[in-house]
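So in full-length UniProt numbering, the last one in the sequence shown is 261, and the numbering has no gaps at all. Ideal Cβ positions, reconstructed from N, Cα and C, are used throughout, including at glycine.
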Amino acid sequence: MFVQLYIVYLGDVKHGHPNDVIPSHHDILRSVLGSCELVKNFSKEDSMACMVHNYKHGFLGFAAMLTEDEARQVAEFPEVISVRPSGWHTAKTTRSWDFLGLSYQVPSDLLNKGRYGEDIIIGVVDSGIWPESRSFSDEGYGPVPSRWKGVCQVGDGEAWDRNNCSRKIIGARFYSAGMEDALHKTEDADTHGTHTASTAAGSVVEAASFHGLASGFARGGVPHARIAVYKVLWKIADGSNSGSTADILAAIDDAIHDGVD
């Protein structure tokens, strides 16, 4: 019996507390389950073993481990708009902010008016981050904006703890649905997330160079912005950084709740 991860879309967010919709997601799932390989001695309490994510801030829906037949049954519910398998996505890098003309040496009106992104919260949905980089120094930063409602999630191992969050990297979460071999932590195993985070919002670093070459300064497009990290990409057997659609949607949903701009 083949079970895979499906995303069930239920439409726009309605008024009311976000957590109020979770029981209705569970009701749909319980009504069709019967062959979920993760559920033994099926009961109301443990039936949620097949539930992977609940989406409740940016849109309504959930991700669950289902058979093809169960997915078809879920799709027949009148409140369900669509049911589709969760896909896989691989990290890619594109050009930097230079094409926007956001020069630090000759500040643009956009940067000046925006105070270099001061207290903007940027959510980086990527492969994690290395907080030790000088690009993420919080020197000179004030308190974390009061609207921030996120967390600093601690995972496996000793390399990442709550002290790695700061007034610059103000939050961190990780998502690893379907990644059984993933070491659950927010650290960047590939440097892609570190690169994109520093490109977007890296603090100004003077005397930066590549092994002494091309000495100068480094900065992100909005160097005074805060960074919230959402790790969804993991190193897999073929060497690529990949993550599931279900995890990426969960990260975006949490980012909306957390206060990311």
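Based on Cα-Cα distance, which residue from the options lies nearest to residue i?
{"i": "V8", "options": "T67, I81, P18, L33", "result": "I81"}
{"i": "G150", "options": "V229, S31, L111, S24", "result": "V229"}
{"i": "G239", "options": "D126, P223, A49, T90", "result": "T90"}
{"i": "residue 262", "options": "K56, Y55, H57, L10", "result": "This structure cannot speak to residue 262, because the chain is shown only from 1 to 261."}
{"i": "R219", "options": "P85, S166, R134", "result": "R134"}
{"i": "I256", "options": "K235, Y55, A49", "result": "Y55"}
{"i": "I169", "options": "K14, E139, Y6, V205", "result": "E139"}
{"i": "V154", "options": "Y141, F136, Y175, S137", "result": "Y175"}
{"i": "V32", "options": "A75, G117, Y116, H17", "result": "A75"}
{"i": "A177", "options": "A251, G117, K14", "result": "A251"}
{"i": "F77", "options": "R30, D119, Y141, A49", "result": "R30"}
Where does residue i land, buried or exposed, given buried means 16+ other C-beta within 10 angstroms?
{"i": "A246", "result": "buried"}
{"i": "D12", "result": "exposed"}
{"i": "A214", "result": "exposed"}
{"i": "D258", "result": "buried"}
{"i": "H211", "result": "exposed"}
{"i": "A207", "result": "exposed"}
{"i": "D27", "result": "exposed"}
{"i": "M179", "result": "buried"}
{"i": "G216", "result": "exposed"}
{"i": "P131", "result": "buried"}
{"i": "G171", "result": "buried"}
{"i": "D46", "result": "Model confidence at D46 stands at a pLDDT of 47, short of 50, so the residue's coordinates are unreliable and nothing is read from them."}
{"i": "N164", "result": "buried"}
{"i": "E37", "result": "Because E37 sits at a pLDDT of 49, beneath the cut-off of 50, its placement in the model cannot be relied upon, and the following sentence gives the value as read from the coordinates. Exposed, because fewer than 16 other Cβ atoms sit within 10 Å of the Cβ of E37."}
{"i": "G221", "result": "buried"}
{"i": "S209", "result": "exposed"}
{"i": "A237", "result": "exposed"}
{"i": "G16", "result": "exposed"}
Below 8 Å between beta carbons: does that hold for residue i and residue j?
{"i": "R226", "j": "I129", "result": "no"}
{"i": "L66", "j": "V21", "result": "no"}
{"i": "N241", "j": "L233", "result": "yes"}
{"i": "R127", "j": "D190", "result": "The amino acid occupying residue 127 in the given sequence is Ser; Arg does not appear at that position. Contact flag set, yes."}
{"i": "A71", "j": "M51", "result": "no"}
{"i": "S244", "j": "W148", "result": "no"}
{"i": "H53", "j": "F62", "result": "yes"}
{"i": "H25", "j": "D253", "result": "no"}
{"i": "P223", "j": "G193", "result": "no"}
{"i": "R173", "j": "V144", "result": "no"}
{"i": "W160", "j": "T186", "result": "yes"}
{"i": "V260", "j": "A200", "result": "no"}
{"i": "Y6", "j": "S86", "result": "yes"}
According to DSSP, residue i sits in a beta bridge with which residue or residues?
{"i": "V82", "result": "Just to set this straight, residue 82 is Ser in the shown sequence, not Val. Its beta-bridge partners are Y9."}
{"i": "W234", "result": "S242"}
{"i": "L33", "result": "Per DSSP, none; premise fails for L33."}
{"i": "G61", "result": "Y9, Y55"}
{"i": "L111", "result": "Answer by DSSP bridge pairing: none, since L111 is not bridged."}
{"i": "Q4", "result": "L66"}
{"i": "H89", "result": "G243"}
| said: At 3 residues or longer, what runs of the beta strand (DSSP E) sit wholly inside the UniProt domain "Peptidase S8/S53" (117-261)? | reply: 121-126, 169-174, 205-210, 213-218, 226-231, 241-244
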